[in-house]
Each structure stands twice: as structure tokens, then as C-alpha cells.
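**Q** Structure in C-alpha cells, see below.
Numbering (this note's numbering), first residue to last: 7 to 428.
Printed below as a string of C-alpha cells:
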């Protein structure tokens, strides 16, 4: 069976129309309707579509073509020039990633930019004086995904976030001088995934995201210290699967989540301002068991509370707590175990009071296990035994203590250790 015109085009690339059968370009292009051309171009990536625009009919079809979901990464002047051409020739681009357009170039400043004082000893060319218009991306009205990574953007750019009503994924990472308020992002009516990391100028209240309550599936706002709000402001988001607010100013209490808050949440990572969040400092030892119980209930709902490096997730007792006390000045004795760290042996999960010091090593109380020990017949038993050996090696000075020793018990342990040594 002879090949169709579309098959010949796809196998031969964008030059196939010119080469096939020795016929003229016009003769072949006139045989194809605009709909067919759009369909053909819709099977190509953005760069190939641009190459295939070999006549007016194909150029007009390219403007109407919905570009496949293929990321176009702008990280050089050449790529910026290609994007600038696409802004009019290929306005239906769907996925775009922007980084700085070369090490010595930058995008134009936005509103209210930071002003940097140039070193008197530096040359005029140092740091790059060429700037490129970032707001041309507002022509891509059908963007589904936009990533801004180390862009060097400086100031506010309202047009970046006012024209993308179809945008579903937005990532802003390490754009330190880009001034953005969460209230503006709430205007992206189709947004499903928001990821903002290491952006000191990202500000606002997470309550602003409530306008996206029925859309958002993933919210990662990490290392953005000017972002505030209450954890429970997002508790009734029905589609939310992942929430990471570590190193923000968000406050709250995981004990408030209950059985119905965050109904479809699969991952939850809270900042220290949330009771039970990463690095939280407890004011009272008596609060710890109830927070552990809240985490256990979430765990039973199949909500992941820790990253793969779960040992980096910790709590501690505040030095302003009435339960806090001074440790011994004697270098032979460890500090009181005022940290709470989580441990995992195989699939078994638990927590313990401990003290970690690079100089003196780790000193741990006994583990409070949240799961039962796997049976010897279990496929997980060998992993459990292997993991438990490393965990038990740190249970030394505080052996026999599952809870934080009182000051009296700590002094007694130091005295007993001193007697044993002598």
C-alpha cells in the first residue's frame, strides 16, 4: 500500500515535502488542507514546527497548531531569539522553561527593582548590560507549564502571571529578586501545581490560594520565609495530594488536622512554626505524645510525613521550656537528649529522644516504636534486623530510658558513669 502524504512527511522530516518525487513545493502544499497541516505539525516539537514553516499556508497553520507537551528551555541568547520568533509564529506553545539567557546577559528589570551599586573597579561590561524582554512570553496564552529557574529577574512582572488562564503548573526556583505575591498567583484560575523554592521575595498569605481550592493538587512553598498563614487554611482542599511548607512563616498544629482535614493528602511537610513541623521546638515535654498520636493517625491514612531522608526530620525541646535544664560541664558526659528524631528499621517506624554531636557522637534513649516488630517469616525481617543494629548502637548512656530523663535522673546517670569509670 502506498504511503500517505502524512507518513511521507513524518518519515522524511520537514524537508520531505520539498524532496518527494521531484515535484515542486507548491504542488505538494496545495494538496493539503489547513486542518491536515495543523494535524501534521501537531506531531512535531516546537523547533521542528518552526523549520516546517516553508510557505505562507504552513506559517498560518503553525499559528493555529497546538504544540505538543514538549519542554522548550530558554538558557541562551540563541534560545531567547527562537522564543521571540515563536511568540508570534507559534503562540500555542504549551511548556516553557526559562533560565538566565547566558551568563553575561539578563532579562529586563521589572517594576520596583533592586538597584545594585557597581564596584568602581569593575569594567562597564562586567555583569552584562544586554537585557532581553521577558514579557514577550505573555503571547503564549495557552501555556500549560511555566518554569522560572535562576532567571536573574529583578522586581515585579505583573504580565508574567496575568495572561495564563490555562496554566496548570508553575515553578519558581531560586529567583531571589523576583517580587511575587501569592495573591497574584491566585489569579491563575486553572493552576493545579505550584512549586516555589528559595525565593526570598515571594510573600503573602497562603489563604490567598483559597480561590484555587477546587483546582490545586500540589503546593510546594519551601525556603520562602516571607510566606505566612495558617496550616488549616488549606485543610478543605479536596484535590490536594502534596503540601510542603518547610522553612516558611506558616503556623498551626498538626493535631488540628483530625480525621477529615486534607482528605486526599499523600505527603505533608510542615515548617517549624507548626506544632509537629520540621525543626519544631516544644515548650513542654508533655505535648510530644499527643503530636506523635496525630502523626500516627496521618500515617494510618497513608499520608507520608517525611522525605526519603527521614533522619533529617527532627524536633527539639526549646531552651525556654520549663522542662529544659543545663547539661554537665564534664566533657565525658553527653548533653541531655533534647532532640527528637525518627528512625526506621525495614518498614518499622519509631522515634526517640537523643543528642547528636559531631564531637562526642550520638547518644540516644530507647526507641518508641509505632509499629509492631515484623515476624521472622516476614520478607521485611532481614531489612529490619539490619536496620535495628545501627539504631541500637547509639543506645548507650541513656539505655533503659524511653522518655527524656528528668534533671535528677540525668545527674544520677552522670554520677553512676563516673563511679563505673573509677
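All C-beta atoms in this analysis are idealised placements derived from N, C-alpha and C, irrespective of residue type, glycine included.
Is residue 106 buried or exposed, if buried means 16 or more other CB atoms sit within 10 Å of its CB?
**A** Buried is the call here.
**Q** Using C-beta distances below 7 Å, list every residue in its chain close to residue 76, excluding the 5 sequence neighbours before and after it, in chain order.
**A** The residues are 51, 52, 101.
**Q** Could you tell me which uninterrupted alpha helix (DSSP H) segments, each at least 4 residues in length, are contained entirely in the stretch 40 to 104, listed from first to last along the chain?
**A** Correct list: 40 to 47, 52 to 58, 62 to 70, 83 to 95.
**Q** Mind checking whether residue 254 and residue 231 have CB atoms under 9 Å apart?
**A** For residue 254 and residue 231, yes; Cβs fall inside 9 Å.
**Q** Report the partner residues of residue 202 according to the DSSP bridge assignment.
**A** Looking at the DSSP assignment, residue 202 forms a beta bridge with 178, 227.
**Q** In the DSSP output, what is residue 259 paired with across the bridge?
**A** Residue 259 pairs with 281.
**Q** Taking the beta strand (DSSP E) that residue 368 falls in, what are its first and last residues?
**A** 367 to 370 is the extent of the beta strand (DSSP E) around residue 368.
**Q** Which value, in whole angstroms, describes the spacing of the CA atoms of residue 238 and residue 320?
**A** Taking the straight line joining both Cα atoms gives about 22 Å.
**Q** Go ahead and pull the three-state DSSP assignment for residue 292.
**A** Correct three-state label for residue 292: helix.
**Q** Can you name the residues that DSSP bridges to residue 239?
**A** Answer is none; residue 239 lacks a bridge partner.
**Q** DSSP state of residue 401, grouped into three classes?
**A** If DSSP states are grouped into helix, strand and coil, residue 401 belongs with coil.
**Q** Starting from residue 190, trace the alpha helix (DSSP H) both ways and give me its first and last residue.
**A** First-last of the alpha helix (DSSP H) with residue 190: 188 to 191.
**Q** Counting Cβ pairs, one atom from each stretch, are 3 or more of them under 8 Å apart for the stretch 173 to 183 and the stretch 196 to 213?
**A** Segments in contact, yes.
**Q** Could you tell me the alpha carbon to alpha carbon distance between residue 412 and residue 406, rounded to whole angstroms?
**A** Rounded to whole angstroms, residue 412 to residue 406 spans 14 Å at the Cα level.
**Q** Going by beta carbon distance, what residues of the same chain come within less than 8 Å of residue 324, once the five residues before and after it are set aside?
**A** Cβ within range, chain order: 287, 288, 289, 330.
**Q** To the nearest angstrom, how far is it from the Cα of residue 345 to the Cα of residue 322?
**A** Rounded to whole angstroms, residue 345 to residue 322 spans 4 Å at the Cα level.
**Q** Taking 9 Å as the cut-off, decide whether the C-beta atoms of residue 342 and residue 361 are in contact.
**A** Contact: yes.
**Q** So, using beta-carbon positions, are residue 339 and residue 420 closer together than 9 Å?
**A** Cβ distance < 9 Å, so residue 339 and residue 420 count as in contact.
**Q** Less than 9 Å between the beta carbons of residue 152 and residue 104, yes or no?
**A** It is a contact, given that the beta carbons lie within the stated cut-off.
**Q** Give me the residue from 272, 37, 164, 334 with the minimum Cα distance to residue 301.
**A** Cα-wise, what sits closest to residue 301 is 272.
**Q** Below 9 Å between beta carbons: does that hold for residue 5 and residue 74?
**A** Lying outside 7 to 428, the shown extent of the chain, residue 5 is not represented and no answer is given.
**Q** Buried or exposed: which applies to residue 379, given that a residue is buried once 16 or more other Cβ atoms fall within 10 Å of its Cβ?
**A** With fewer than 16 other Cβ atoms within 10 Å, it is exposed.
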